[in-house]
Amino acid sequence: MIEIKNLYKSFGNDEVLKDISLTIDSGQVLGIIGPSGSGKSTLLRCINNLEIPTKGTIHINGELAYQDENGKPFNETEISLTRSRVGMVFQHFNLFPHMTVLENVCAGPRYVLKLDETAYRDDAITILESVGLAEKRDQYPEQLSGGQQQRVGIARALAMKPDVILFDEVTSALDPELVGEVLGVLRDLADKGMTMIVVTHEMGFVRQVADRVIFMDEGRIVEENNPAEFFDSPRNERTKSFLSSVLSHTD
Amino acid sequence: MSFFHLLHPDVALQALPTILTGLLLTLGICLVCGILSLSLGMLVALGRQSNSKILRLSLGAYIQVFRSTPLMLQLIYIYFALPFAGIRLPPLPAGILGLTLHYTAYLCEVYRGAIESVPKGQRDAARALGMRNRIVMARVVLPQAIRTIIPALCNYMVQLLKDTSLLSVVTIQEMMFRGQIFAAQTYDYFTVYTIVFLIYFAVGFPGIKLVDFLEKKMKKGYASRSVILTPKKIETVKGVNA
Numbered sequence: 001m002i003e004i005k006n007l008y009k010s011f012g013n014d015e016v017l018k019d020i021s022l023t024i025d026s027g028q029v030l031g032i033i034g035p036s037g038s039g040k041s042t043l044l045r046c047i048n049n050l051e052i053p054t055k056g057t058i059h060i061n062g063e064l065a066y067q068d069e070n071g072k073p074f075n076e077t078e079i080s081l082t083r084s085r086v087g088m089v090f091q092h093f094n095l096f097p098h099m100t101v102l103e104n105v106c107a108g109p110r111y112v113l114k115l116d117e118t119a120y121r122d123d124a125i126t127i128l129e130s131v132g133l134a135e136k137r138d139q140y141p142e143q144l145s146g147g148q149q150q151r152v153g154i155a156r157a158l159a160m161k162p163d164v165i166l167f168d169e170v171t172s173a174l175d176p177e178l179v180g181e182v183l184g185v186l187r188d189l190a191d192k193g194m195t196m197i198v199v200t201h202e203m204g205f206v207r208q209v210a211d212r213v214i215f216m217d218e219g220r221i222v223e224e225n226n227p228a229e230f231f232d233s234p235r236n237e238r239t240k241s242f243l244s245s246v247l248s249h250t251d
Numbered sequence: 001m002s003f004f005h006l007l008h009p010d011v012a013l014q015a016l017p018t019i020l021t022g023l024l025l026t027l028g029i030c031l032v033c034g035i036l037s038l039s040l041g042m043l044v045a046l047g048r049q050s051n052s053k054i055l056r057l058s059l060g061a062y063i064q065v066f067r068s069t070p071l072m073l074q075l076i077y078i079y080f081a082l083p084f085a086g087i088r089l090p091p092l093p094a095g096i097l098g099l100t101l102h103y104t105a106y107l108c109e110v111y112r113g114a115i116e117s118v119p120k121g122q123r124d125a126a127r128a129l130g131m132r133n134r135i136v137m138a139r140v141v142l143p144q145a146i147r148t149i150i151p152a153l154c155n156y157m158v159q160l161l162k163d164t165s166l167l168s169v170v171t172i173q174e175m176m177f178r179g180q181i182f183a184a185q186t187y188d189y190f191t192v193y194t195i196v197f198l199i200y201f202a203v204g205f206p207g208i209k210l211v212d213f214l215e216k217k218m219k220k221g222y223a224s225r226s227v228i229l230t231p232k233k234i235e236t237v238k239g240v241n242a
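Chains as they are written, first to last, in my numbering: chain A, 1 to 251; chain B, 1 to 242.
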């Protein structure tokens with residue numbers, strides 16, 4: 001359902017994505033791992049056009065997203081519409097601090113879909129219940145723990161009923177004891193068949209939940225495989241050294 | 001002769017009606033210029049983010065000119081120099097125009113700074129939900145930006161109140177000018193200026209206290225807020241309150 005072809009992205013002279021091609025099928029969980037600066041986050045941000053690729057195409061649900069065949073960008077309305085189908089959860093939560101938890105979750109249906117309040121409120125509360133935060137609905141983000149804030153971040157993305165959700169290192173800013181509650185929510189989503197692209201350093205999670213793993217280094221996809229083979233018998237030298245250094249820390 | 005012997009109650013009483021009439025004009029001008037510059041400042045701040053280079057540059061030039069020159073000179077220039085270019089304004093419109101242009105230039109910089117101080121992640125999150133740029137600005141960026149600058153805006157309003165006294169140079173009979181005239185007639189400068197002094201203080205001091213209060217309030221965070229305008233809250237319905 002998402003097809004990325006020959007994607008390049010440069011910031012000035014710095015080429016951070018080099019010839020990325022990959023497909024994600026509906027219902028799949030794709031784990032993206034790699035050292036910092038390898039372009040993982042930039043790749044995610046290209047998928048919802050928060051970064052505009054230098055070259056290459058992205059198809060979502062079979063349709064060219066963000067620009068036409070000649071590379072001419074679509075207009076704001078079309079880009080916003082595509083974005084509204086692609087959820088994103090951020091490393092630093094990026095909740096709206098001036099809105100309550102419930103208002104954060106309702107922000108998409110309210111300001112993007114412009115639905116009537118009755119149409120989204122119950123739904124939003126149900127979603128908050130599914131991440132275990134219904135009782136916090138009238139609090140402000142600043143009153144919540146990091147783990148709770150990140151669960152609200154996930155609920156906010158879910159409220160748009162997206163076709164796919166991009167997770168950008170969603171546990172990296174959390175205290176270690178709060179990581180589990182957020183990964184639990186991700187696991188539930190994967191079980192329910194949500195299409196997910198997960199950039200993370202949580203190797204255990206990728207191994208258990210992902211359908212496929214991509215290892216990125218210096219802007220390229222170095223290795224791609226199913227989790228079992230990827231972790232047990234990595235083929236590329238760079239992957240091996242990365243995995244051995246990461247796993248020796250975490251396991 | 002002590003300090004207070006210089007104050008003459010009878011002169012003060014005679015001066016009060018004319019000075020209070022001046023105060024009304026002072027407050028009126030302050031209100032008009034305040035509303036105009038608060039709203040125009042926002043428009044200019046948004047205009048400076050526009051895609052049009054010409055608009056950005058000309059607004060930038062305007063701001064630099066009005067921030068780098070004295071307000072009194074700007075007032076004099078609008079009233080006395082513009083007529084030579086064929087633009088002849090009566091004193092009151094000239095004064096209001098001068099004050100508004102001056103304060104718009106400052107306030108727009110305050111707005112711009114506040115807009116830029118909202119973390120980039122907030123825009124990212126809003127755009128990732130599919131919000132269009134205008135909605136991102138109206139629902140996410142501005143509510144956060146304006147909150148932080150409410151004390152600064154109030155501070156500028158108090159300063160505006162004091163700066164209306166400069167309008168005497170273009171013969172507007174606000175409180176300061178009325179005081180000057182009355183003092184010149186009675187030669188009792190001490191009494192008259194003391195009255196004017198006290199009235200400015202009586203109006204300005206609560207404003208300054210308000211600024212202090214708002215600053216403390218802002219530091220407390222969103223959970224304790226009550227002073228800012230927010231879009232209608234999403235009601236939690238009793239039936240769903242399990």
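Even glycine gets a Cβ: it sits at the ideal position worked out from N, Cα and C. In this text, all values refer to a predicted model and were calculated from it rather than measured experimentally.
Bridge partner(s) assigned by DSSP for residue i
| i | result |
| --- | --- |
| A/Gly31 | A/Val198, A/Val213 |
| A/Asn225 | A/Val213 |
| B/Met42 | Per DSSP, none; premise fails for B/Met42. |
| A/Asp14 | A/Phe11 |
| A/Leu243 | Answer is none; A/Leu243 lacks a bridge partner. |
| A/Lys5 | A/Thr57 |
| A/Leu64 | A/His59 |
Distance between beta carbons of residue j and residue i, contact taken as under 8 Å
| i | j | result |
| --- | --- | --- |
| B/Gly130 | A/Ser41 | About 20 Å separates the two Cβ atoms, so there is no contact after all. |
| A/Thr23 | A/Glu51 | Between A/Glu51 and A/Thr23 the Cβ distance is about 20 Å, and since that is not below 8 Å, they are no contact. |
| B/Ile96 | B/Ile29 | 6 Å |
| A/Leu102 | A/Leu128 | 7 Å |
| B/Thr18 | B/Phe182 | 6 Å |
| A/Val164 | A/Ile214 | The pair is not a contact, with the Cβ atoms about 15 Å apart (cut-off 8 Å). |
| A/His98 | B/Gln185 | At roughly 55 Å, the Cβ-Cβ gap does not stay under 8 Å, so A/His98 and B/Gln185 are not in contact. |
| B/Gln156 | B/Leu107 | According to the sequence provided, residue 156 of chain B is Tyr. The question's Gln does not apply to it. Between B/Leu107 and B/Tyr156 the Cβ distance is about 6 Å, and since that is below 8 Å, they are a contact. |
| B/Ile199 | B/Leu46 | 37 Å between Cβ atoms; not a contact. |
| B/Gln243 | B/Phe84 | There is simply no residue 243 of chain B to check, as chain B begins at 1 and stops at 242 in what is shown. |
| A/Gln208 | A/Leu174 | Not really, about 19 Å apart at Cβ, beyond 8 Å. |
| B/Ala114 | B/Thr148 | 6 Å |
| B/Ala125 | A/Asn49 | Actually they are not in contact, since the Cβ atoms of B/Ala125 and A/Asn49 sit about 14 Å apart, beyond 8 Å. |
Contacting residues, own chain, Cβ-Cβ under 7 Å from residue i (five flanking each side not counted)
| i | result |
| --- | --- |
| A/Thr100 | Arg137, Asp138, Gln139, Tyr140 |
| A/Pro234 | Glu223, Lys240, Leu243 |
| A/Ser172 | Gln91, His201 |
| B/Ala12 | Thr191, Ile195 |
| B/Glu109 | Ile63 |
| B/Gly34 | Met157, Leu160 |
| A/Glu142 | Pro97 |
| A/Val247 | Position check: residue 247 of chain A holds Leu in this sequence, whereas Val was assumed. Excluding sequence neighbours, A/Leu247 sits near Met203. |
Proximal residues to residue i (C-beta, below 6 Å), its chain only, five neighbours per side dropped
| i | result |
| --- | --- |
| A/Ser26 | Met1, Thr195 |
| A/Gly193 | Gly27 |
| B/Val170 | Leu75, Tyr79, Pro91, Ala94, Gly95 |
Cβ of residue i within 7 Å of any chain B Cβ
| i | result |
| --- | --- |
| A/Arg151 | no |
| A/Leu50 | yes |
| A/Gly108 | yes |
| A/Arg207 | no |
| A/Gln28 | no |
| A/His59 | no |
| A/Glu15 | no |
| A/Ser80 | yes |
| A/Ser84 | yes |
| A/Gln67 | no |
| A/Pro53 | no |
Minimum Cβ-Cβ distance from residue i to chain A less than 7 Å
| i | result |
| --- | --- |
| B/Gly95 | no |
| B/Gln49 | no |
| B/Val118 | no |
| B/Arg139 | yes |
| B/Ala223 | yes |
| B/Ile135 | yes |
| B/Gln14 | no |
| B/Ala128 | yes |
| B/Asp124 | yes |
| B/Gln159 | no |
| B/Ser42 | Per the sequence shown, residue 42 of chain B should be read as Met rather than Ser. False, the Cβ-Cβ gap to chain A never drops below 7 Å. |
| B/Met131 | yes |
| B/Gly60 | no |
| B/Asn241 | Any reading at B/Asn241 must be qualified, since the residue scores a pLDDT of 39, below 50, and its modelled position is unreliable; no value is offered. |
| B/Gly121 | yes |
| B/Pro143 | yes |
| B/Lys238 | With a pLDDT of only 44 at B/Lys238, under 50, the local geometry of the prediction cannot be trusted, and the value read off the model is given with reservation. No - not a single Cβ of chain A is within 7 Å of the one on B/Lys238. |
| B/Leu229 | Note on B/Leu229: pLDDT 44, under 50, position unreliable in the model; no value is reported. |
Contact between the stretch 42 to 56 of chain B and the stretch 199 to 219 of chain B (3+ Cβ pairs under 8 Å)
Result no; under three Cβ-Cβ pairs closer than 8 Å.
If contact is defined by three or more beta carbon pairs under 8 Å, each pair taking one atom from either stretch, is the stretch 48 to 64 of chain A in contact with the stretch 130 to 148 of chain A?
The answer is no - the stretch 48 to 64 of chain A does not touch the stretch 130 to 148 of chain A, with fewer than three Cβ pairs under 8 Å.
Given 8 Å as the limit, is there contact between the stretch 102 to 120 of chain A and the stretch 134 to 149 of chain B, that is, 3 or more CB pairs closer than that?
yes
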